[in-house]
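Engineer:
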Amino acid sequence: MLNKSSEENKTTNVLSSSLEENIDEVKNIFVDDATIGMRWITNCHNTTLKYCIVQNDGLVSAAIINENIIKPLMLSKVSLNKGQQIDILIHQVISTNQIKKTNQWQEIIEAVTYGDTILFVDGEAEALLLNSKGFNTRAIAEPSGERILSGPREGFCEALMINLSMVKRRIRNNELKIKFQSFGVRTHTQICICYIDSVVNKKVLAELYRRLETIDIDGVLDSNYITEFIRDSKLSPFPTTGYTERPDVVVGKLLEGRIALFVDGSPVVLTLPYLFIENFQSNEDYYLSYYYTSFERFLRFWGFILSITVPAFYIVIVAFNQEVLPTTLLTNIVRERTGVPLPAVIEAIVMLILFDILKETGIRLPTGIGQALSIVGALVVGQSAVSAKLVAAPMLIVVAITAITGLLVPKLNAPVIYIRMMLIAMSATLGLLGFIAGISIIMTHILNLHSFGIPQMVSLDNLKYQEVKDTFVRGPWWKMIDRPSALTKNKTRLSGDDRGDND
Amino acid sequence: MIKQGEVVTNERGIVMQKEMISMRQAICMITLFLFGNSALMGMGSGMGQDAWIAIVIGAVLGSLISLVYARVIRLFPERNLYDIAQAIFGKIIGKLIIVLMTWYAIHLAALVLRNYSEFIQIVALEETPQLAMMIVMLLITGYMAFSGIEVLSKWVVIAIVLVFMVVLFTVVLSIKQVTLTNILPVMTHDFAAVGSASLKLFAFPFAETVIFLALADSIKKSDNPYKIYLYGIFIGAMILIVTFLRNLMILGVPTLEKAYFPSYTAARIINIGELFSRIEITIFYNLILGGIAKISICLFAAIKGTEILFNIKSNKKIVFFISFIILLVSRYQYNSVMEMIKFIDIYQVYAVPFQIVIPVLVWIGAEIKTRKKRKTT
Amino acid sequence: MIKRLISIVLIIGICIPLSGCWNYRGLNKVSIVTGVAIDRNTENNNYQLTIETIDVSGAGKEGTGKSQLVEGEGKTIFEAVRNAKKRLSKKLYVSDVKVIIISNQIARQEGIKPSLDWFVRDAETRETAIPVISQEKTAKEILAASGVDGKIISEELEKIINSDREITASTKKIASYQTFDILLGGEKTALVLPAVHCTSNKDKKVVEVNGTAVFKEDKLQGYLSPEETHYYLFAVDEIAGGITTFPLNKENQDSLALEISKNKTKKSYSYDGNRLKVFLDISTTAMLGEVNFDIDILKKNNIEEIKLAANLAFLQRIEAVIQKGRMEFNCDIFGVGTMIHKSDPVLWSKLKENWDYYIQTMEVEVRPEVVIVNTGLTK
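As they're listed, the protein sequences go chains B, C and G. Under the working numbering, the first residue of the first sequence is numbered 316, with each subsequent residue one higher. Under the working numbering, the first residue of the second sequence is numbered 489, with each subsequent residue one higher. Under the working numbering, the first residue of the third sequence is numbered 23, with each subsequent residue one higher.
So, in structure tokens, the structure goes:
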């Protein structure tokens with residue numbers, strides 16, 4: 316256990332040999348926890364052999380305990396001497412699939428709280444941890460946030476081992492490495508680090524371990540908690556680690572040399588390092604025709620740009636540089652704007668915030684009301700605002716474009732909001748210069764982003780086909796020869812050259 | 489801004505190597521640097537339709553002096569001018585050279601900044617005080633300088649693609665407005681006039697590439713500095729000539745001469761089918777990108793010089809401080825646009841020590857030093 | 023450090039709203055100017071400007087807008103524009119000026135260069151505005167009339183002039199920066215601007231484009247009628263459409279109409295030390311558009327006859343126009359100076375001192391060549 320959570324307040328005493336003392340200790344530790352149950356067992360052939368099992372009601376499967384633990388213990392004919400029972404019990408009596416022996420109370424506590432059964436043997440200073448997990452988890456279903464048209468539809472659930480199983484099924488290779496750690500002083504949440512040894516970037520891996528050391532928090536409920544501790548550029552709104560709820564996405568990223576981070580209790584899996592272009596990639600891109608998906612990617616990219624710049628650009632045109640508009644358009648806009656009391660900037664900001672409020676309420680409300688609310692929002696707010704001359708009609712169009720394109724790239728919905736506002740503010744004060752200044756600052760910021768030491772915007776220098784084949788267009792699979800060179804040194808995907816040496 | 493060979497772990501604990509830029513990025517930087525100011529101010533200075541000849545000659549002269557610059561880089565690979573000066577001439581004279589070149593970088597940045605804020609004020613934001621515009625531009629360039637040269641060069645690559653596209657776009661769209669014969673008659677001016685115009689163009693912008701010597705420690709040893717400079721100057725000159733010819737053919741000689749900002753005036757006239765009219769906004773954008781690039785590069789050079797001079801580690805405060813100095817110089821150096829235009833005449837003399845004398849001295853010193861080294865080894 | 027950062031951010035953040043975004047021009051406070059008419063007030067010798075703006079109220083969603091006229095007076099154009107603000111609640115937005123109408127008095131007496139200076143110098147005005155000479159007594163009358171199609175005169179005028187080149191070829195399209203080029207260039211080409219007058223159409227007074235006005239330096243010399251302008255356009259190689267009617271032979275009246283589809287005029291010259299001889303090679307591609315009498319087109323002789331008649335008509339009429347320009351107006355109406363300057367600058371510098379003499383004594387030979395490609399749907 317590598318985290319720095321203090322372990323001093325848990326006893327590291329070894330068990331005593333006396334069964335009663337051990338059980339008293341258990342009762343002490345779990346005082347006021349009524350779900351920890353104890354069952355005393357004696358062997359029917361040799362009544363001097365006394366055992367006690369400690370189980371966590373609700374987390375254990377009664378069938379396993381009954382069949383594989385209590386029954387063999389009761390009925391076993393194996394002769395046991397006091398002082399040497401543990402090994403014989405492990406090898407010849409108890410028929411659970413995983414057994415661990417321990418004499419540390421800390422391990423016992425962690426095992427009990429996860430669903431293992433603890434076996435205390437009278438006269439032994441060690442206890443056995445028996446795997447008897449039997450809690451319920453959510454069924455495997457398609458994640459609602461990442462829907463696709465065609466392709467695998469499995470999604471992660473909240474149990475770590477089931478998630479891992481989905482990934483392992485897809486990589487039938489001994490090079491898939493899986494390592495566990497636990498975080499959270501109070502929750503001791505298990506996380507799992509997963510990578511393919513022959514492709515991963517070892518420097519990034521070392522950096523990841525180093526950063527995980529620094530985490531100090533009392534509970535980890537979701538992978539985002541971990542992200543915020545270990546990410547680069549802590550103040551930037553742009554994501555520097557990827558997240559996904561789909562096993563096929565995780566496997567795809569592992570194959571490119573990335574590392575996956577699973578957190579027990581959350582279906583969201585982190586992938587790192589993260590390149591900027593991944594914001595615009597979706598796994599569906601690889602399951603549909605590359606012509607179609609290249610166009611889609613193009614749309615996403617331009618959608619992102621439009622979503623950021625359209626309100627600011629509209630303000631620049633309408634309030635500062637009206638020369639851009641041809642006369643008829645200009646006349647129409649002037650006609651629409653006469654009589655509107657608010658200046659264009661305030662309108663823009665108000666409408667955008669209003670739209671975000673509508674979107675937010677739409678997400679939180681139960682489905683029935685959500686529909687009605689969106690209709691109300693669109694018709695009432697939009698239409699009457701225009702008729703009442705509170706808002707000019709072109710502004711509605713602008714806000715509609717902004718809002719819809721903003722939904723194209725869900726991963727960037729955090730930065731988009733702030734950047735949009737910043738651009739509006741800058742163009743409202745300094746017109747075109749402010750607009751250009753804002754865009755330059757954003758470009759510089761994006762170029763500055765790093766993810767675990769790897770710059771997120773890979774140098775545009777490498778304009779070789781193999782580098783850009785998967786960025787703004789999706790090259791066909793028979794052309795996908797190399798992995799992105801920023802991520803790994805083991806470049807080719809082809810079988811002949813995949814030497815597997817990667818250092 | 490890390491010294492050569494230094495491997496630093498920053499506060500995130502990542503081991504960072506010194507940032508290097510590739511040859512392609514370096515060429516793009518030089519090209520955008522050349523484009524930046526000159527496309528705005530117009531070249532030609534009284535030469536009318538023959539100015540393109542002056543540009544060509546100016547570019548040739550610029551290439552000649554850049555051979556000197558490239559040679560210096562070759563002799564001391566992966567070290568910048570300030571290091572080299574100190575290594576050759578020792579502490580005192582070396583520091584003097586650093587002071588002079590840093591001042592040149594600051595002054596150049598201030599000149600460009602003032603050019604741009606005048607332009608923006610005349611054209612777009614009339615009532616806004618120039619100080620506000622200058623502060624905004626310095627914020628951008630400061631941020632970029634602070635992000636390091638790798639980010640700057642990536643930004644420049646993106647910007648130059650946009651610039652190319654806009655120039656191409658305007659050239660294509662201007663076909664309807666173009667009077668091809670505006671370029672005739674050729675060479676009505678005598679050689680003396682062309683010569684003096686070429687010298688002006690040499691000083692501004694071609695020989696200003698001396699600033700890149702201060703960034704030379706980011707150029708890899710394996711890259712050929714001659715190629716970088718020559719390609720950069722060649723492509724930069726091509727773009728300038730294309731821009732100039734486009735302006736000339738649209739505007740005609742008298743308007744071209746009279747206009748302060750011919751590219752902008754030309755762009756206002758382009759009109760195809762009412763849809764592609766009033767595209768001067770794209771030219772505006774283009775010019776600002778060029779300006780930001782140029783000021784960032786000069787700012788970078790100035791910051792490096794200051795750091796080496798006073799032996800400070802890289803810091804946010806320096807960026808602030810130098811930007812402030814640039815702001816002051818920029819604000820108070822002229823009183824009006826006319827002074828700004830007239831200054832170009834003085835500039836070609838004033839810049840000689842920085843553009844020619846110091847680099848040549850450094851070059852000679854470098855040659856001598858490396859000969860000595862070779863003899864002793 | 024954090025405190026300093028916050029204080030800087032706050033300072034910048036407060037400065038911005040306090041200063042009020044200096045250049046913010048809300049569109050509801052702006053009045054779009056489409057045309058300007060320049061007159062000279064004879065009493066106090068001030069410029070009197072009539073500014074046509076688009077009236078956005080009331081028109082609702084209809085297509086054509088209405089226009090409003092605002093007058094301003096001042097010693098210079100700039101001052102007059104600003105003075106107009108004294109009676110206007112909104113600021114004038116001059117970036118869309120399409121037409122500059124100058125009264126012929128100003129053009130004749132003092133020249134148009136002073137009037138046009140502001141339009142080229144100011145950053146907001148557009149250099150593509152078309153300067154136009156009003157043949158009425160004042161320029162204001164043009165704006166006060168109405169157009170046939172729409173009510174905004176300047177827009178109408180601009181559209182008419184823009185589309186004229188391909189359709190009627192009766193006037194010349196020129197922008198103010200080109201005007202300046204010609205005026206400031208050393209080649210002494212005559213400036214030619216479109217001329218406008220008012221006629222009556224269905225009892226309403228409407229504006230009509232009426233040929234061109236010819237200048238020497240920047241002073242108005244005279245007018246060319248629409249027909250004369252048509253042939254003038256041939257001479258300067260700017261024709262791309264239009265109709266030419268001519269008689270088949272001397273007895274008939276004008277009875278054949280040719281529609282011109284393409285034209286190329288090549289100018290060349292020869293100088294023998296004393297006199298200048300200029301050659302115009304005109305090759306025209308035309309379509310026979312209308313025939314007023316019976317004739318069988320396909321008969322070979324007939325086509326030859328028509329061609330000859332067309333050539334003759336062109337020859338006579340173009341030469342007449344050139345003659346008028348040289349003799350009556352005494353100016354280099356079709357750009358000989360530019361041609362010489364561009365091909366032989368040394369010769370030009372020799373000739374340009376006595377350019378008037380050369381214009382008067384120059385020999386012009388016109389060699390038209392008309393090719394008729396089709397005759398419409400019928401023979």
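All C-beta atoms, glycine included, are put in the ideal place defined by N, C-alpha and C.
Does chain C have any CB closer than 8 angstroms to the CB of G/Thr150?
Structural biologist: Locating residue 150 of chain G in the third sequence gives position 128, where the first residue counts as 1. Interface residue, yes.
Engineer: Using a Cβ-Cβ distance cut-off of 8 angstroms, determine whether C/Lys664 contacts chain B.
Structural biologist: One-based indexing of the second sequence puts residue 664 of chain C at position 176. False, the Cβ-Cβ gap to chain B never drops below 8 angstroms.
Engineer: Going by C-alpha distance, which of B/Lys415, B/Ile620, B/Cys509 and B/Thr559 is nearest B/Leu570?
Structural biologist: Against the first sequence, residue 570 of chain B aligns to sequence position 255. Answer by Cα proximity: B/Cys509.
Engineer: According to the Cβ coordinates, are G/Asp61 and G/Ser111 closer than 8 angstroms?
Structural biologist: Residue mapping note: residue 61 of chain G aligns to position 39 of the third sequence, counting from 1. Residue mapping note: residue 111 of chain G aligns to position 89 of the third sequence, counting from 1. Not closer than 8 angstroms, so no.
Engineer: Find the nearest neighbour of G/Thr221 within the set G/Ile164, G/Lys195, G/Ile182 and G/Tyr115, judged by alpha-carbon distance.
Structural biologist: In the third sequence, the residue the question calls residue 221 of chain G occupies position 199. Comparing alpha carbon positions, the residue from G/Ile164, G/Lys195, G/Ile182 and G/Tyr115 closest to G/Thr221 is G/Ile164.
Engineer: Per DSSP, B/Trp355 is paired with what?
Structural biologist: Here residue 355 of chain B corresponds to residue number 40 of the first sequence, with the count starting at 1. Assignment of beta-bridge partners to B/Trp355 by DSSP yields B/Cys367.
Engineer: Name, please, each residue of chain B whose Cβ falls closer than 7 angstroms to the Cβ of G/Ser283.
Structural biologist: Mapped onto the third sequence, residue 283 of chain G falls at position 261. Under the 7 angstroms cutoff, chain B gives no residues; its nearest Cβ is about 29 angstroms from G/Ser283.
Engineer: Let me know the beta strand (DSSP E) ranges lying completely inside the segment 419 to 503 of chain B, each 3 residues or longer, listed in chain order.
Structural biologist: 432 to 436, 442 to 445 and 491 to 498
Engineer: Quick one: Cα of G/Thr306 to Cα of G/Lys286, how far?
Structural biologist: As a first step, residue 306 of chain G must be located in the third sequence, where it is residue number 284. As a first step, residue 286 of chain G must be located in the third sequence, where it is residue number 264. Cα-Cα distance, rounded: 6 angstroms.
Engineer: Assign G/Ile317 to one of three DSSP states: helix, strand, or coil.
Structural biologist: For the purposes of this step, residue 317 of chain G is taken as the residue at position 295 of the third sequence. The answer is coil: DSSP assigns G/Ile317 none of H, G, I, E or B.
Engineer: Measuring only the C-alpha atoms, how far is G/Gln157 from C/Glu696?
Structural biologist: Start at 1 with the first residue of the third sequence, and residue 157 of chain G comes out as number 135. Start at 1 with the first residue of the second sequence, and residue 696 of chain C comes out as number 208. Rounded to the nearest angstrom, the two C-alpha atoms are 56 angstroms apart.
Engineer: Keeping to the same chain, check which residues put their C-beta closer than 8 angstroms to that of G/Glu385; ignore five residues upstream and five downstream.
Structural biologist: Here residue 385 of chain G refers to the residue found at position 363 of the third sequence. Here the set comprises Arg297, Leu298, Lys299 and Val300.
Engineer: Just to confirm before moving on: does the CB-CB distance between B/Tyr589 and B/Gly557 stay below 8 angstroms?
Structural biologist: The count along the first sequence starts at 1 and reaches residue 589 of chain B at position 274. The count along the first sequence starts at 1 and reaches residue 557 of chain B at position 242. Contact: yes.
Engineer: In whole angstroms, give me the CA-to-CA distance for B/Phe628 and C/Ala612.
Structural biologist: Position 313 of the first sequence holds residue 628 of chain B. Position 124 of the second sequence holds residue 612 of chain C. Distance between the alpha carbons of B/Phe628 and C/Ala612 is about 15 angstroms.
Engineer: Starting from the beta carbon of G/Leu179, find every residue of chain B whose beta carbon is closer than 7 angstroms, and list them in chain order.
Structural biologist: Along the third sequence, read from residue 1 onward, the residue named residue 179 of chain G stands at position 157. Neighbours of G/Leu179 on chain B: none; closest Cβ ~13 angstroms, over 7 angstroms.
Engineer: Could you give the DSSP three-state label for G/Thr234: helix, strand or coil?
Structural biologist: On the third sequence, position 212 is the one that residue 234 of chain G refers to. Strand.
Engineer: Return the first residue and the last residue of the alpha helix (DSSP H) that C/Cys786 is part of.
Structural biologist: On the second sequence, position 298 is the one that residue 786 of chain C refers to. Looking at the DSSP string, the run of the alpha helix (DSSP H) that includes C/Cys786 is Glu768 to Phe798.
Engineer: Name the chain B residues whose beta carbon is nearer than 7 angstroms to that of C/Leu613?
Structural biologist: Stepping through the second sequence from its first residue, residue 613 of chain C is reached at position 125. Taking the beta carbon of C/Leu613 as reference, the chain B residues within 7 angstroms of it are Leu745, Gly746 and Leu748, listed in sequence order.
Engineer: Mind checking who G/Glu387 pairs with in its DSSP beta bridge?
Structural biologist: Taking the third sequence and counting its residues from 1, one reaches residue 387 of chain G at position 365. According to DSSP, G/Glu387 bridges with G/Phe301.
Engineer: Does DSSP put G/Val228 in a helix, in a strand, or in coil?
Structural biologist: Residue 228 of chain G sits at position 206 when you count from the first residue of the third sequence. Under the three-state reduction of DSSP, G/Val228 is assigned to strand.
Engineer: DSSP has C/Ser605 in a bridge; who is on the other side?
Structural biologist: The count along the second sequence starts at 1 and reaches residue 605 of chain C at position 117. BP columns for C/Ser605 are empty, so no partner.
Engineer: Any beta carbon of chain C sitting closer than 8 angstroms to that of B/Thr759?
Structural biologist: Start at 1 with the first residue of the first sequence, and residue 759 of chain B comes out as number 444. For B/Thr759, the answer is yes, since a Cβ of chain C falls inside 8 angstroms of its Cβ.
Engineer: Just checking my contact of G/Asn333 with G/Pro390 at CB under 8 angstroms: how many whole Å lie between their CB atoms?
Structural biologist: Numbered from its first residue, the third sequence carries residue 333 of chain G at position 311. Numbered from its first residue, the third sequence carries residue 390 of chain G at position 368. Indeed they touch by this definition, with Cβ atoms about 5 angstroms apart.
Engineer: Less than 8 angstroms between CB atoms is the rule here; does C/Met737 satisfy it with respect to chain B?
Structural biologist: Taking the first residue of the second sequence as position 1, residue 737 of chain C is located at position 249. Chain B contact via Cβ: absent.
Engineer: Taking Cβ-Cβ distances below 8 angstroms as the criterion, which residues of the segment 595 to 624 of chain C are in contact with chain B?
Structural biologist: Near chain B, meaning a CB-to-CB distance below 8 angstroms, the residues of the segment 595 to 624 of chain C are Ile608, Ala612, Leu613, Thr616, Ala620, Met621 and Val624.
Engineer: Kindly list the residues whose CB is nearer than 8 angstroms to the CB of C/Phe842, restricted to its own chain and excluding five residues on each side of it in sequence; keep chain order.
Structural biologist: In the second sequence, counting from the first residue as 1, residue 842 of chain C sits at position 354. These residues qualify, in order along the chain: Leu588, Met589, Tyr592 and Val698.
Engineer: According to a CB-to-CB cut-off of less than 9 angstroms, which residues of the segment 188 to 212 of chain G neighbour chain D?
Structural biologist: Of the protein chains in this structure, namely B, C and G, none is chain D.
Engineer: Is B/Met741 buried or exposed, if buried means 16 or more other CB atoms sit within 10 Å of its CB?
Structural biologist: Against the first sequence, residue 741 of chain B aligns to sequence position 426. By the neighbour-count rule (16 or more Cβ atoms within 10 Å), B/Met741 is buried.
Engineer: Please confirm whether B/Ile486 and B/Ile455 have their CB atoms less than 8 angstroms apart.
Structural biologist: Sequence index remark: in the first sequence, residue 486 of chain B carries index 171 (1-based). Sequence index remark: in the first sequence, residue 455 of chain B carries index 140 (1-based). No, Cβ-Cβ distance for B/Ile486 and B/Ile455 is not below 8 angstroms.
Engineer: Any contact of the segment 186 to 201 of chain G with the segment 340 to 352 of chain G, i.e. 3+ C-beta pairs under 8 angstroms?
Structural biologist: no
Engineer: Tell me the DSSP bridge mates of G/Arg62?
Structural biologist: In the third sequence, the residue the question calls residue 62 of chain G occupies position 40. Beta-bridge pairing links G/Arg62 to G/Tyr69.
Engineer: Given a threshold of 16 other Cβ atoms within 10 Å of its Cβ, counted over all protein chains shown, does B/Trp792 qualify as buried or as exposed?
Structural biologist: On the first sequence, position 477 is the one that residue 792 of chain B refers to. The residue in question, B/Trp792, is exposed, as its Cβ has fewer than 16 Cβ neighbours within 10 Å.
Engineer: Tell me which residues share the same chain as C/Pro693 and place their Cβ nearer than 7 angstroms to its Cβ, disregarding the 5 neighbours each side in the sequence.
Structural biologist: What you label residue 693 of chain C is simply residue 205 of the second sequence in a count that begins at 1. Answer for C/Pro693: Leu522, Asn525 and Ser526, listed in chain order.
Engineer: Scan the segment 117 to 148 of chain G for residues whose Cβ lies nearer than 8 angstroms to a Cβ of chain C and list them as they occur along the chain.
Structural biologist: Val142, Ala145 and Arg148
Engineer: For B/Thr682, count neighbouring Cβ atoms within 10 angstroms of its own Cβ and tell me buried if that reaches 16, exposed if not.
Structural biologist: Here residue 682 of chain B refers to the residue found at position 367 of the first sequence. With fewer than 16 other Cβ atoms from the protein chains shown falling within 10 Å of its own Cβ, B/Thr682 counts as exposed.
Engineer: Between which two residues does the beta strand (DSSP E) harbouring G/Asn285 extend?
Structural biologist: By one-based count along the third sequence, residue 285 of chain G stands at place 263. Residues Leu278 to Tyr293.
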